[in-house]
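S.K.: Heads up, the numbering used here is the position in the sequence shown plus 1, with the first residue counted as 1.
No residue lacks a Cβ here, since even glycine has one placed at the ideal position from N, Cα and C.
I am attaching a structure below and will ask some questions about it afterwards.
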Amino acid sequence: MDWKALTTDDLEQRLITCETIVSGARRVQIEILEELDSRQVATGDGSRSLAEWVAARLDVNRDTARCLTRTMRRTTDRPDLRVALADGVSFDRVEAVSRIPDD
């Protein structure tokens, strides 16, 4: 792609669109992880934890795997945060908010 031909605004909008796509994909991943966790696939595959399994299976670093796993667990009973991901809120923001107790 010839990025130089695009305006700065066009580039910024494309960057934002990419992040929205990433967040949407993360939402789907945490929903799938929730189901895989209930099936205990990590244990069945001999992993010590779901995060270890995710790191190996998705070829991501351990921090990313832990973040996905923790966010999945923290948002299990917080559908508002999962909806926020679907609505385009960044995964990083949802992950951060998920650390705040829901009282």
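(1) Please confirm whether residue 96 and residue 72 have their CB atoms less than 8 Å apart.
(2) Mark residue 75 as exposed unless 16 or more other C-beta atoms lie within 10 angstroms of its C-beta, in which case mark it buried.
(3) Please go through the same chain and pick out, in chain order, the residues whose beta-carbon is closer than 6 Å to the beta-carbon of residue 51, but skip the five residues on each side of it.
(4) What residue range does the alpha helix (DSSP H) around residue 85 cover?
(5) What three-state label does DSSP hand residue 8 in the structure shown?
M.R.: Reading off the structure:
(1) yes
(2) buried
(3) 38, 43, 70
(4) 80 to 87
(5) coil
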